[in-house]
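Here's the structure, in structure tokens; my notes come after.
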């Protein structure tokens, strides 16, 4: 899994500029309370979660959830397909909670 975390750093797409159209700003809270914030293209970027996985304090097995209304997005590194942010209904700004499945 350490190797996967290192690979995630290299696979992470560049962050789009704030003035680009179709951007989704996501605030992510890790299980230990750290906050991450980043912009993504809603129709290009997927829930592949390189951004979360690349963080040194992220759990190895996790799922993402919205706060309200509560929705979970299962995630596994070996999933064949990952929906885009638009396909799962994320708008211009969203907060996600990372849930540690090993805890």
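Residue numbers (our numbering): 2 to 104. Note that CB positions come from ideal geometry on N, CA and C, so glycine has one too.
Counting the other CB atoms within 10 Å of its CB gives residue 63 a total of 16 or more, which places it among the buried residues. For residue 29, the uninterrupted beta strand (DSSP E) run begins and ends at 24-30, by DSSP.
If you ignore the 5 residues before and after residue 6, its C-beta comes within less than 7 Å of the C-beta of 54 and 55, all in its own chain and listed in chain order. For residue 54, there is no enclosing beta strand (DSSP E); the residue is part of the alpha helix (DSSP H) that begins and ends at 51-54. Take residue 72, set aside five residues on each side of it, and the residues of its chain with a beta-carbon closer than 7 Å to its own are 66, in chain order.
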